[in-house]
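Some notes on the structure that comes next.
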Amino acid sequence: MDIFEVIQPGPLTTVQDLGRFGYQQFGVPTSGALDNYAFRIGNLLVGNNEGAASLEITLFGCQLCTLHDTSMAITGADLSAAISGKPAPAWESVRLKRGDVLSFPQLNSGCRAYLAVAGGIAVPEVMKSASTLVRAGIGGLNGRPLRQGDILSANERSAPSAAARMPAEYVPVYGNQIELRVILGPQDDYFTDEGKSTFLNSEYIVSAQADRMGYRLEGPRIQHLSGADIISDGIPLGAIQVPGDRLPIILLADRQTTGGYTKIATVISVDIPKVAQAKPGDSIRFPQVNEEQAVALWQEYEQQIETIKSLLHP
Amino acid sequence: MIYAEPRFLSGGDRAIFVEFGDSIDPDINQRVIDLKLAIEKAGVPGVVESVPSYRSLLVYYQPLQISARKLREVVYRLLQSPIGRELPKRKLIEIPVTYGGEFGLDLELVAKHNNLSTAEVVRIHSRVRYLIYMIGFMPGFPYLGGMSPKLATPRKTTPRLKIPAGSVGIAGNQTGIYPTESPGGWQIIGRTPLKLFEPAREPPALLKAGDYLTFVSVTPEEFATIQEAVRNGTYRLNETLVE
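Those protein sequences? They're chains Z and V, same order as listed. If you want the numbering used here, it's the position in the first sequence, counting the first as 1, plus 148. If you want the numbering used here, it's the position in the second sequence, counting the first as 1, plus 1284.
Here's what the structure looks like:
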């Protein structure tokens, strides 16, 4: 069922799901929605399973024309979404009528919005996932971002979803100063004590080189013991790589599967959505936590999503 | 050098590294691959996937299904068990390559740089067994060990904007194959008609870490025949098990 025609794609709008797993051993990055939280909630609001393919809309400028009545939910960044010029509510399910123009004209807060539609966006799965990896031309809509004139389809779904709204206390607020909690390693022993202390106690600014692959940061340089090169090894999600220029890079869903630079620490899972919503100019600090704390926080995060699920669809 | 005990390194709250040594070495890499196969064979619940590299295995897991402590215990137990002897054997895969001419624009440059004839370069580069240490950098790209130092040639100072898929190149003391068309600075000595990476194939990559490959020199006519067979899905890969 065709549901949208792309009037304007904006700088980067892609189809994403929860990611492509099992293929990193072949050099294929996982991809997937950068903001796991906003993405999953969007699907729950329209009654999908939480991993259904949705649109990830970056910054501003995307405009879609509705081709068929449907219900949708906008979550994540506040891009001043409007339906035919009137403000569209976010974090709740909304009915769209044929002919409605959905637009995202201006960035207010955050960086990436998610548009979930009833049934989920229909694209062929590649390596068991709908996620787009633009760099390799894999997945999503022919392996590329949306373009003007593209027609998007949704999977058919028999039961219409009941109206649902996210309780306000669970809606995240995106500020310009964030804290990303980290666990040191795998190569923290390649840095001097001073280097580690610089990293953990300084403020870094998101540079203009920030995309789905990684965020380059600016700020105090981090001192190595004897160089930035290692024998190439795997790169976990959220790894903070420090190459020869001694400035940190946070590696995200489209990162290379392996790399040859030291990694001082890894951002904990619950804080990855905060990176997804950070934009150039925002400031970041890296407080240290341990593995037990990180896992306890992840457990809370999953419990919160379960709670939201039961509140939305009792 | 192989460590007396493997080191567990943190990869955050849902991944751990198991590191076996401090150098690029076939014996160290073998332990990495053995652990990967042993984890797959054991079917450890909560393990999502694992990524082998030269000297370590990065194991991704679901922390609410298996704790890091439990996973380390499982890994430790697998490493103690004699499971290695029951693992699948490694394969040796033949990669047909047409050297020189339009397929390998830099063959003469590599020959001149090393004071060899182009025929000598081909002879030294082919019929040798290369270990596939890991796949990375781009989908399907093999990191190979075993190239003769007689062929070492620096990268191009200005990378080419477009290198065709299947190009076989040399960069420093490494040799490799470009799985898909891309820009790059490697000295290109030949091309294979095989497809190293196809998203719709399962598995999508022709090669995997721990196996071996060898290059076999073929004429441009044979290249065309193989390319046609690959296109029709009738090409039979030449592979043998390695003892």
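Backbone N, C-alpha and C fix where the C-beta goes; we use that ideal spot for every residue, glycine too.
With respect to the C-alpha of Glu366/Z, the residue from Ser350/Z, Leu300/Z, Ala230/Z having the closest C-alpha is Ser350/Z. The residue among Gln172/Z, Phe152/Z, Glu240/Z with its C-alpha nearest the C-alpha of Leu460/Z is Glu240/Z.
Here Phe1301/V carries a strand assignment [DSSP, helix/strand/coil]. For chain V, the residues of the segment 361-381 of chain Z that bring a beta carbon within less than 7 Å of one of its beta carbons are Ile379, Ser380, Asp381, in chain order. For His372/Z, the beta-bridge partners assigned by DSSP are Phe339/Z. Taking a contact to require three or more Cβ pairs closer than 8 Å, the segment 369-377 of chain Z and the segment 385-400 of chain Z qualify as touching.
In the pairwise beta carbon analysis, the segment 1345-1354 of chain V is classified as not touching the segment 1501-1520 of chain V: fewer than three pairs are separated by under 8 Å. Here DSSP, grouped into helix, strand and coil, assigns Lys1354/V to helix. Judged by beta-carbon spacing, Tyr449/Z lies within the 8 Å limit of Val418/Z, meaning their Cβ atoms are closer than that value. Rounded to whole angstroms, the separation of the alpha carbons of Ala181/Z and Pro1483/V is 20 Å.
Against chain V, the beta carbon of Thr405/Z has neighbours under 7 Å at Val1335, Gly1420, listed in chain order.
When Cβ-Cβ separations below 8 Å define contact, Arg1339/V makes contact with chain Z.
At a Cβ-Cβ threshold of 8 Å, Ile286/Z and Ser202/Z do not count as neighbours. Interface criterion not met: the Cβ of Val1328/V is under 8 Å from no Cβ in chain Z. Each of Ile353/Z, Asn256/Z, Ile379/Z, Gly267/Z was checked against the Cα of Tyr338/Z, and the nearest Cα belongs to Ile379/Z.
Under the 8 Å Cβ criterion, the segment 420-434 of chain Z counts as touching the segment 169-187 of chain Z, having at least three qualifying pairs. The beta carbon of Pro315/Z sits closer than 8 Å to the beta carbons of Ile456, Leu459 from its chain, once the five residues preceding and following it are set aside; these are given in chain order.
Residues of chain Z with a Cβ closer than 7 Å to the Cβ of Ile1447/V do not exist; the shortest Cβ-Cβ separation is about 15 Å. Under a criterion of Cβ atoms nearer than 8 Å, the residues of chain Z adjacent to Lys1492/V are, in order, Gln173, Phe174. A direct Cα-Cα distance of roughly 56 Å separates Val1502/V from Thr346/Z. Excluding the 5 residues flanking it on each side, Pro435/Z has same chain C-beta neighbours closer than 6 Å at Glu327, Arg329, in chain order.
Interface flag for Trp446/Z against chain V is set, since a Cβ pair is found closer than 8 Å. In the structure shown, Glu351/Z adopts coil according to DSSP, grouped into three states. For Arg1298/V, the residues of chain Z that pass the 7 Å Cβ criterion are Ser417, in the order they occur in the chain. Under the three-state reduction of DSSP output, Val1394/V falls in the helix class.
Annotated three-state conformation of Ile1408/V is helix, per DSSP.
Bounds of the alpha helix (DSSP H) holding Ala1508/V are 1504-1516. Residues of chain Z whose Cβ lies closer than 9 Å to the Cβ of Val1452/V do not exist, since the nearest Cβ in that chain is about 17 Å away. Under a 10 Å Cβ-count criterion, Ser1365/V is classified as exposed, with fewer than 16 other Cβ atoms of the shown protein chains found around its own Cβ. When secondary structure is reduced to three states using DSSP, Tyr1462/V falls in the coil class, being assigned neither helix nor strand. Taking the Cβ atoms as the reference, Thr1498/V lies roughly 13 Å from Val1406/V, outside the contact range of under 8 Å.
Think of a sphere of 8 Å around the beta carbon of Ile1408/V: no beta carbon from chain Z falls inside it, the nearest being about 25 Å out. Tyr262/Z and Asp150/Z have their alpha carbons spaced roughly 19 Å apart.
The shortest C-alpha to C-alpha distance from Ala284/Z to any of Gly175/Z, Arg295/Z, Phe152/Z is the one to Gly175/Z. Residue contact with chain Z for Leu1348/V: present (Cβ-Cβ distance below 8 Å to some residue of chain Z). Counting the other Cβ atoms within 10 Å of the Cβ of Ile353/Z gives fewer than 16, which makes it exposed.
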